[in-house]
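S.K.: Below is a structure I'd like to ask you about.
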Amino acid sequence: MTFNDSSRYNRDRQSVTRRILGYMLPYKWRIALSMLASLGVSGTDIAIAKLVQPFVDKLVVAGDMNTAKIVPIVIISLAAVKGFSRYFQEYFIRTGGQLVVQNIRDELFHHSVILSIGFFSKTSSGTLMSRILNDVAVLQNALAVILVGGLRESLTLVGLTAVAFYADWKMALMAFVVLPLAGGPAIWIGNKIKQYSRRGQHAMGILTTILEQTFSGIKVIKAFGGEHRESEKFRQENLSYYRFFRKMVKYDSITSPFIEIISSFGVAGIVFYGMHRVISGQMTQGELFSIMTAIFLMYTPVKRMTRVNNVLQQAIGAAERIFEILDERPEITDVPGATVLERVRGEVSFEHVDFAYQDELVLKDFHITAMPGEVIALVGPSGAGKSTAASLLARFYDPSAGRILFDGHDIKYATLDSVRANIALVDQETFLFNDTIENNIRYGRPDASEKDVLRAAELAFSHEFINDLPEGYQTKIGDRGLRLSGGQRQRICIARAILQDAPILILDEATSALDTKSEAMVQKALGNLMQNRTTFVVAHRLSTIMHADKIVVLEAGHIREIGTHQELIDKGGIYCRLYEMQ
Ligand SMILES: Nc1ncnc2c1ncn2[C@@H]1O[C@H](COP(=O)(O)OP(=O)(O)OP(=O)(O)O)[C@@H](O)[C@H]1O
Ligand SMILES: [Mg+2]
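Numbering (the working numbering), first residue to last: 68 to 649.
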């Protein structure tokens with residue numbers, strides 16, 4: 068590591084700590100109260116060390132009965148003070164720590180859902196889930212240990228050090244000389260722990276991904292007999308987590324014995340030197356016991372603080388992974404001064420639009436205009452770019468070149484919310500929430516009246532089958548809508564889009580899972596609906612789009628033909644051939 072690397076590393080680490088501290092700021096009063104209480108805990112420890120001297124000198128050696136009478140009271144009072152202080156200290160710091168972590172988790176979730184679609188296509192949902200659940204949990208445990216332990220131990224250490232130095236600075240110094248020897252290795256251990264903790268968390272992310280994939284793909288797994296393969300994969304990853312965990316435990320467990328061995332040198336020196344001084348009459352037995360108690364008590368916080376450092380390193384590792392997500396910026400955002408697009412009439416133009424997901428252009432010079440109320444059909448082979456064009460309308464992505472205009476307004480300069488309020492989308496993937504049918508339909512307009520929901524369902528020809536369900540509109544759809552047929556799910560998605568009542572409607576293979584009869588009915592319903600809306604229809608079944616105002620034939624991202632059904636048939640090109648094949 069060069070000097071620059073290491074200084075950058077230190078700066079990064081500092082900024083991570085500073086950021087965590089930033090999250091703690093709102094709870095400073097809880098933390099302050101806890102610190103106050105920890106004074107009580109440390110204070111009693113220090114008092115014990117200090118009281119050992121009169122105890123030994125007056126009681127054990129001189130046999131003073133008057134002092135003996137107050138000893139039980141002192142013992143009980145000290146225990147009471149320590150007990151209550153510890154209670155308040157833990158209560159405030161742990162609730163405070165939890166609140167800090169809750170906020171981080173809320174922010175992480177909120178930030179994740181705000182990120183653009185592009186981010187989700189390169190990050191698995193398992194990875195994200197793991198950051199929000201596991202990494203935050205590591206941080207949570209760590210904060211409790213660091214705040215409770217770190218505070219108490221450092222206060223105790225300071226107090227006991229003072230007692231020891233006050234009693235006999237030479238002997239106290241002797242106890243301290245050995246401690247710096249432990250410093251270097253302790254830092255090294257801390258770094259190891261951070262490294263293995265990070266790798267363990269990464270393995271945990273893979274585990275979560277497997278979980279998420281397995282349960283959402285359970286049908287495929289069963290159909291293709293993949294159960295044992297999946298179990299084996301899981302077992303392997305679980306084992307790999309254990310490997311990192313074991314390494315971490317190894318380094319963590321070594322910390323205390325290591326400090327103990329180092330400190331034994333100090334203790335040995337003190338006992339030897341102290342005995343010498345007591346025998347030569349330079350020191351009372353009580354003084355020796357007092358300073359030895361202080362020094363013994365002192366090694367405990369030192370030991371604990373080294374372990375707190377281990378936990379701190381773990382926390383920094385987890386926090387870095389959390390901040391990685393928080394530092395992701397959404398690619399698609401409102402530009403500064405973005406305008407709010409009111410409800411548009413529905414004129415939609417693609418002006419010479421190019422688009423690439425990565426390097427390769429998926430849409431090339433895509434150029435069409437739809438007048439309000441027109442139906443534009445996009446047809447073409449799989450992978451031609453039809454869904455991509457639809458995604459651009461919803462501003463899931465921005466074009467690489469060219470513009471998209473709604474009523475003449477470039478949607479790139481309108482707020483995302485207002486663009487999306489102008490469109491309703493029925494996607495190729497019919498996604499339904501694990502919620503009631505009613506709530507699924509009103510997802511785009513949570514405040515819609517029951518009457519509106521019913522009307523939308525009727526228009527989507529789904530009212531009948533919903534009514535036949537045991538709990539009607541209140542029926543809960545299982546995860547991913549497994550309790551409904553493909554066609555039924557599509558119709559609920561259509562109802563959801565109908566209720567959205569937006570001037571621009573995008574139907575991407577919206578009727579592909581319907582039989583010819585229900586498709587004809589849904590078409591009719593959509594037909595009514597389309598009257599005041601501009602509709603983009605993507606369909607492989609050409610019968611669906613025969614009546615479109617314009618049919619756009621796409622091939623490998625290029626527009627090959629545009630025209631009405633009749634025009635394209637007469638032309639005898641690609642569309643004509645496709646039509647004849649069907
Ligand atoms: N998120 C993505 N990242 C990278 N490439 C993508 C992404 N989505 C689609 N593509 C690529 O873009 C091209 C166009 O895809 P698109 O989904 O628009 O096709 P399509 O015309 O809708 O096909 P289909 O009829 O099969 O739905 C394809 O080559 C596809 O591999
Ligand atoms: Mg598609």
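Built from N, CA and C at the ideal position, the CB exists for glycine as well.
1. Taking 8 Å as the threshold, find out whether the segment 168-178 comes into contact with the segment 451-461 through three or more Cβ pairs.
2. Could you give the first and the last residue of the continuous alpha helix (DSSP H) run that contains Thr228?
3. On the three-state DSSP scale, how would you describe Asp465?
4. DSSP on Ile561, reduced to helix/strand/coil?
5. May I ask whether a heavy atom of ligand 1 can be found less than 6 Å away from the beta carbon of Thr578?
6. Within a Cβ cutoff of 6 Å, which residues of the same chain sit near Leu572, ignoring the five residues on either side of it in sequence?
7. Run through the segment 394-482 for me and flag every whole alpha helix (DSSP H) of 4 or more residues, listed as ranges in chain order.
8. For Ile571, which three-state DSSP category applies?
9. Quick check on DSSP: helix, strand or coil for Gly630?
10. Helix, strand or coil, according to DSSP, for Phe363 in the structure here?
11. Can you tell me whether DSSP reads Thr497 as helix, strand or coil?
12. In chain order, what residues of the same chain lie with their CB nearer than 6 Å to the CB of Tyr366, ignoring the 5 residues before and after it?
13. Taking C-alpha atoms, which residue in Leu166, Val141, Thr84, Gly217 lies nearest to Ser105?
14. Going by CA-CA distance only, name the one from Ala577, Val334, Ala270, Leu364 that's closest to Met241.
15. Within the structure, which residues are defined as neighbours of ligand 1 by a Cβ-heavy atom distance below 5 Å, reported in chain order?
16. Where Ala386 and Ile213 are concerned, what is the direct C-alpha to C-alpha distance, given to the nearest angstrom?
17. Does Arg75 come out as helix, strand or coil in the three-state DSSP assignment?
18. Nearest CA to the CA of Ile326: which residue from Leu246, Gly293, Ser357, His295?
19. Give the single residue among Asp432, Gln495, Ile626 whose Cα lies nearest to the Cα of Val604.
20. Would you check whether ligand 2 has a heavy atom nearer than 6 Å to the C-beta of Gln495?
21. I believe Asp616 touches Glu441 by the beta-carbon criterion, under 8 Å. Please report the beta-carbon distance rounded to the nearest angstrom.
22. With DSSP as the reference, label Ala491 as helix, strand or coil.
23. Taking all protein chains shown into account, do 16 or more other C-beta atoms lie within 10 angstroms of the C-beta of Gln381, making it buried, or fewer, making it exposed?
24. Put His614 into one of helix, strand or coil per three-state DSSP.
25. Pair every Cβ in the segment 402-421 with every Cβ in the segment 463-476, then say whether three or more of these pairs are closer than 8 Å.
26. State the DSSP-derived secondary structure class of Val245, mapped to helix, strand or coil.
27. Going by Cα to Cα distance, which pick from Arg266, Glu525, Ala461 is closest to Ser183?
28. Please report the Cβ distance between Asp124 and Gly353, rounded to the nearest whole angstrom; I am assuming they are in contact, meaning their Cβ atoms lie under 8 Å.
29. Can you find the residues in the same chain that come closer than 8 Å, C-beta to C-beta, to Asn377, ignoring five residues on each side of it along the sequence?
30. Let me confirm a value: Asp426 is counted as buried when at least 16 other C-beta atoms fall within 10 Å, else exposed. Which label applies?
31. Nearest to Met271 by alpha carbon, out of Gly292, Gly293, Lys286, Leu306?
32. If you draw a straight line from the C-alpha of Tyr90 to the C-alpha of Ile629, how long is it?
33. Provide the residue(s) that pair with Glu517 in DSSP beta bridges, ordered along the chain.
34. Assign Leu106 to one of three DSSP states: helix, strand, or coil.
35. Looking at C-alpha atoms only, which residue of Pro466, Thr373, Asn501, Ser347 is the closest neighbour of Gly251?
36. Verify whether the separation of the beta carbon atoms of Asn507 and Phe500 is less than 7 Å.
M.R.: According to the structure data:
1. no
2. By one-based count along the sequence shown, residue 228 stands at place 161. Thr228 -> alpha helix (DSSP H) spans 218-234.
3. Within the sequence shown, the letter at position 398 stands for residue 465. Looking at Asp465 - three-state DSSP - the assignment turns out to be coil, as it is neither helix nor strand.
4. Taking the sequence shown and counting its residues from 1, the one referred to as residue 561 is at position 494. DSSP places Ile561 in helix when its eight states are reduced to three.
5. On the sequence shown, position 511 is the one that residue 578 refers to. Outside the cutoff, so no.
6. Here residue 572 refers to the residue found at position 505 when the sequence shown is read from its first residue. Same-chain partners within the cutoff: Ala491, Arg600, Thr602.
7. 453-460
8. As a position in the sequence shown, residue 571 is number 504, starting the count at 1. Residue state, collapsed to three classes: strand.
9. Working through the sequence shown from its first residue, we reach residue 630 at position 563. Gly630: strand per DSSP, three-state reduction.
10. Here residue 363 refers to the residue found at position 296 when the sequence shown is read from its first residue. Of the three classes helix, strand and coil, the one that applies to Phe363 here is helix, per DSSP.
11. Translated into the one-based positions of the sequence shown, residue 497 becomes position 430. In this structure, Thr497 counts as coil in the three-state DSSP scheme.
12. Position 299 of the sequence shown, counting from 1, holds the residue named residue 366. Correct list, in chain order: Ser330.
13. Position 38 of the sequence shown, counted from the start, is the residue given in the question as residue 105. Nearest of Leu166, Val141, Thr84, Gly217 to Ser105, Cα basis: Gly217.
14. What you label residue 241 is simply residue 174 of the sequence shown in a count that begins at 1. Checking every option, the nearest Cα to that of Met241 belongs to Val334.
15. Ser188, Tyr424, Val429, Ser449, Gly450, Ala451, Gly452, Lys453, Ser454, Thr455
16. To locate residue 386, count along the sequence shown from 1; it is residue 319. To locate residue 213, count along the sequence shown from 1; it is residue 146. Cα-Cα distance, rounded: 14 Å.
17. Position 8 of the sequence shown, counted from the start, is the residue given in the question as residue 75. Summary for Arg75: the model assigns pLDDT 44, below 50, so the residue's position carries little reliability, and this model does not support an answer.
18. Taking the first residue of the sequence shown as 1, we reach residue 326 at position 259. Of the candidates Leu246, Gly293, Ser357, His295, the one whose C-alpha sits nearest the C-alpha of Ile326 is Leu246.
19. Your numbering for residue 604 matches position 537 in the sequence shown. Among Asp432, Gln495, Ile626, the Cα nearest to that of Val604 belongs to Gln495.
20. Along the sequence shown, one-based indexing puts residue 495 at 428. Within the cutoff, so yes.
21. Your numbering for residue 616 matches position 549 in the sequence shown. Your numbering for residue 441 matches position 374 in the sequence shown. Between Glu441 and Asp616 the Cβ distance is about 4 Å, and since that is below 8 Å, they are a contact.
22. By one-based count along the sequence shown, residue 491 stands at place 424. Here Ala491 sits in strand by DSSP.
23. Taking the first residue of the sequence shown as 1, we reach residue 381 at position 314. With 16 or more Cβ atoms within 10 Å of its Cβ, Gln381 is classed as buried.
24. The sequence position of residue 614 within the sequence shown is 547, counting from 1. Coil.
25. yes
26. Position 178 of the sequence shown, counted from the start, is the residue given in the question as residue 245. Three-state result, Val245: coil.
27. What you label residue 183 is simply residue 116 of the sequence shown in a count that begins at 1. Taking only the C-alpha atoms, the option nearest Ser183 is Ala461.
28. Counting from one through the sequence shown, the residue named residue 124 turns up at place 57. Counting from one through the sequence shown, the residue named residue 353 turns up at place 286. With 8 Å as the limit, Asp124 and Gly353 qualify as a contact, their Cβ atoms being about 3 Å apart.
29. Locating residue 377 in the sequence shown gives position 310, counting from the first residue. Around Asn377: Ile256, Gly257, Ile260, Tyr318, Asp319, Thr322.
30. As a working note, residue 426 is residue 359 in the sequence shown. Its Cβ having fewer than 16 others within 10 Å, Asp426 is exposed.
31. Translated into the one-based positions of the sequence shown, residue 271 becomes position 204. For the residues Gly292, Gly293, Lys286, Leu306, the minimum Cα distance to Met271 belongs to Leu306.
32. Here residue 90 refers to the residue found at position 23 when the sequence shown is read from its first residue. Here residue 629 refers to the residue found at position 562 when the sequence shown is read from its first residue. Spanning the two alpha carbons is a distance of roughly 57 Å.
33. On the sequence shown, position 450 is the one that residue 517 refers to. Paired residues: none, contrary to the question.
34. Numbered from 1 along the sequence shown, position 39 holds the residue referred to as residue 106. Looking at Leu106 - three-state DSSP - the assignment turns out to be helix.
35. Numbered from its first residue, the sequence shown carries residue 251 at position 184. For the residues Pro466, Thr373, Asn501, Ser347, the minimum Cα distance to Gly251 belongs to Thr373.
36. Along the sequence shown, read from residue 1 onward, the residue named residue 507 stands at position 440. Along the sequence shown, read from residue 1 onward, the residue named residue 500 stands at position 433. Result yes, Cβ atoms of Asn507 and Phe500 sit closer than 7 Å.
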